[in-house]
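Engineer: Structure provided below as structure tokens; questions to follow.
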Amino acid sequence: MSDKNVDLLNVLFDAKAMFVHMGGTWGTEREIKIIKSGFIWYKKAEVYSASVTFFGNTAILLNDIDLVAVVGGNEVVNPFMVTEVYLKFGVNNLLPFSNRNTKIWLSNLTRQNP
1 MSDKNVDLLN VLFDAKAMFV HMGGTWGTER EIKIIKSGFI WYKKAEVYSA
51 SVTFFGNTAI LLNDIDLVAV VGGNEVVNPF MVTEVYLKFG VNNLLPFSNR
101 NTKIWLSNLT RQNP
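Residues 1 to 114 (UniProt numbering) make up the sequence shown, in order.
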């Protein structure tokens, strides 16, 4: 997402996906337009830890990150615990089911690799 490749994002994002931000909630079409316009630029993610756990056909990924973004021309850094849920179907296919970014307030005290 840092390179704003909306053609690739159109393939990755389901048409019925919903995007929840601190400033509102909207669907795929609006998210793509916002990224394309540059109003939100997901510039960089610094990953401190990542793990995956499988439960049958469900994979849950946890990632401790700092997300550097430019929103409305202002650069912001937010520490997040990202929870991604994928459903396995077929032999080697994973379908993104849910992605949640939870802001963490004391991240610098809990991270092992600052």
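Glycine residues also receive a C-beta, built at the ideal position from the N, C-alpha and C atoms.
Hey, could you find the ends of the alpha helix (DSSP H) S37 is sitting in?
Structural biologist: Boundaries of the alpha helix (DSSP H) around S37: T28 to S37.
Engineer: Classify A15 as buried or exposed, calling it buried when 16 or more other Cβ atoms lie within 10 Å of its own Cβ.
Structural biologist: Its Cβ having fewer than 16 others within 10 Å, A15 is exposed.
Engineer: What does a CB cutoff of less than 8 Å around I35 pick up in its chain, not counting 5 residues either side in sequence?
Structural biologist: M1, K4, V6, L9, W41 and Y42
Engineer: Find the nearest neighbour of I104 within the set F19, F80, I32 and S98, judged by alpha-carbon distance.
Structural biologist: Minimum Cα-Cα distance from I104 among the listed residues F19, F80, I32 and S98 corresponds to F80.
Engineer: Among D64, F13, H21 and V11, which residue has its Cα nearest to the Cα of V71?
Structural biologist: H21
Engineer: Counting only the same chain and skipping the five closest in sequence on each side, list residues whose C-beta sits under 8 Å from that of A50.
Structural biologist: L61, L62, N63 and D64
Engineer: Can you tell which of T28, V11 and L12 has the C-alpha that lies nearest to the C-alpha of M18?
Structural biologist: Among T28, V11 and L12, the Cα nearest to that of M18 belongs to T28.
Engineer: Hey, E75 and N99 are a contact pair by Cβ (cut 8 Å); roughly how many whole angstroms apart?
Structural biologist: So it is not a contact: roughly 22 Å between Cβ atoms.
Engineer: Let me check you understand the geometry: is the CB of S49 closer than 6 Å to at least one non-hydrogen atom of the ligand NAP?
Structural biologist: The model depicted lacks the ligand NAP and carries no ligand whatsoever.
Engineer: May I ask you to list the residues that DSSP assigns as paired with D64?
Structural biologist: S49 and M81
Engineer: Which residues in the same chain as K44 place their Cβ atom closer than 7 Å to its Cβ, once the five residues preceding and following it in sequence are excluded?
Structural biologist: S2 and V68
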